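Quick note, the sequence shown lines up with residues 5 to 244 if you use the working numbering. Each residue gets a CB set at the ideal place from its N, CA and C atoms; glycine is no exception. On a predicted model such as this, the values are computed, not experimentally measured, just so you know.
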Amino acid sequence: MELQIYHSVNEGLYLWNGTSGLLIDGLHRGREIGFSDTSEQYICMMRQGRSFFAKPNDLLFTHIHEDHYDQALVDEFQQRYPGRIVYAPGLDKDNIQPVVLEHGIARMQIEEYEVYAFTTVHDGKIYEDEPHCSYLIRWKNRWIWVSGDAILVPELADRIRTYTGQDNVWKAFVMVYQISSESGKAFLKKLVPEQICLYHLPYPEDDRYHFCNLAEQKCRQCKAEGLPVKMIESDSFIDS
Numbered sequence: 005m006e007l008q009i010y011h012s013v014n015e016g017l018y019l020w021n022g023t024s025g026l027l028i029d030g031l032h033r034g035r036e037i038g039f040s041d042t043s044e045q046y047i048c049m050m051r052q053g054r055s056f057f058a059k060p061n062d063l064l065f066t067h068i069h070e071d072h073y074d075q076a077l078v079d080e081f082q083q084r085y086p087g088r089i090v091y092a093p094g095l096d097k098d099n100i101q102p103v104v105l106e107h108g109i110a111r112m113q114i115e116e117y118e119v120y121a122f123t124t125v126h127d128g129k130i131y132e133d134e135p136h137c138s139y140l141i142r143w144k145n146r147w148i149w150v151s152g153d154a155i156l157v158p159e160l161a162d163r164i165r166t167y168t169g170q171d172n173v174w175k176a177f178v179m180v181y182q183i184s185s186e187s188g189k190a191f192l193k194k195l196v197p198e199q200i201c202l203y204h205l206p207y208p209e210d211d212r213y214h215f216c217n218l219a220e221q222k223c224r225q226c227k228a229e230g231l232p233v234k235m236i237e238s239d240s241f242i243d244s
C-alpha cells in the first residue's frame with residue numbers, strides 16, 4: 005500500500021504503512037499558549053486501542069514544548085503499550101539509541117521507518133539552547149522532511165540531499181515562521197520537495213493569536229514567489 009499520512013492538529017502527524025505507525029509530535033497540550041490540545045477523540049482512541057492505535061505504533065517528538073509533547077499522555081501511552089519506542093531530544097528515558105553518522109545527524113530504525121535525526125536550532129532567541137531535532141524519514145522510496153520548529157537554512161537542504169541522493173523529498177512539513185523567513189524560503193527552493201505542507205496551526209476555536217490568518221497570507225506570498233505551499237487541514241489525511 006501507499007504510505008498514508010494523517011494530520012491531527014499543531015504539528016501532529018501519523019504515518020501508516022499498513023503494518024506499523026509512527027506518531028510524530030502527536031500527544032501534546034497547547035491550548036493555553038494559543039495552539040490546541042490533543043483532541044479527546046484521539047485520546048479515547050489511544051485508551052481503547054482503536055483506529056490508529058489498533059496496530060503497533062511508536063512515538064517521535066521534535067522537542068518537548070507543551071504544544072508538541074505532554075508527559076502525562078506519553079506516560080499513559082507507555083503504560084498501555086509497553087515496549088514501544090519513544091524518542092525526543094533531551095528526554096532522559098528514550099528507549100532507543102540512535103547511531104551517530106556525523107556531527108549533528110544520527111540514524112534510527114523504527115520498524116520499517118528509517119529515521120535520520122538532524123540536530124537543529126529552535127526558532128526564537130529564547131529557545132535556541134533547547135534540544136530540538138528535525139527528521140528525515142524514509143519508507144521504501146518515500147522521503148519525508150519534518151521541520152518541527154527549527155530555523156531552516158539553505159545549507160541544511162544540502163545536508164539532506166546527501167542522504168536522499170537522486171530521490172526527491174516527497175513531502176516537507178514546515179510552519180508559518182519558516183515560510184516567513186528568507187532563509188526558510190531559500191531552504192525550500194534548494195530542497196525542492198514534491199509537496200510543501202504547512203502545519204503547526206491550532207483548531208479555529210483556539211486560535212487566539214490568528215495564526216491561521218497569518219498562514220493564509222504567507223501561503224499566498226509564497227505562491228507568488230514560486231513556492232506552492234499547501235495549508236493542511238486538521239484531523240484529515242493528506243492527499244498523495
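Does the structure place the stretch 37-57 close enough to the stretch 198-211 that three or more beta carbon pairs sit under 8 Å? Yes, they touch.
Host alpha helix (DSSP H) of K287 (start-end): No statement about residue 287 is possible, as the shown extent of the chain runs from 5 to 244 and does not include it.
Quick check on DSSP: helix, strand or coil for T166? helix
Would you say D62 and I114 are within 8 Å of each other, going by their C-beta atoms? The answer is yes: Cβ separation under 8 Å.
Whole-angstrom distance between W147 and Q8, CA atom to CA atom: 13 Å
Quick check: the Cα distance between K189 and L231, rounded to an integer number of angstroms? 8 Å
Enumerated in chain order, which unbroken segments of the beta strand (DSSP E) with a length of 3 residues or greater are wholly contained in the stretch 8-95? 8-11, 17-20, 25-28 and 61-64
Nearest candidate by alpha-carbon position, reference N14, set S238, I242 and D243: N14 has its Cα closest to that of S238, out of S238, I242 and D243.
Among P86, L202, W174 and W20, nearest to K222 - alpha-carbon criterion: L202
Please determine, among R35, R163, S151 and G128, the residue with the shortest C-alpha to C-alpha distance to Y139. S151
Run through DSSP, which three-state label would K3 get? For residue 3 there is no data in the structure shown, the boundaries of the chain being 5 and 244.
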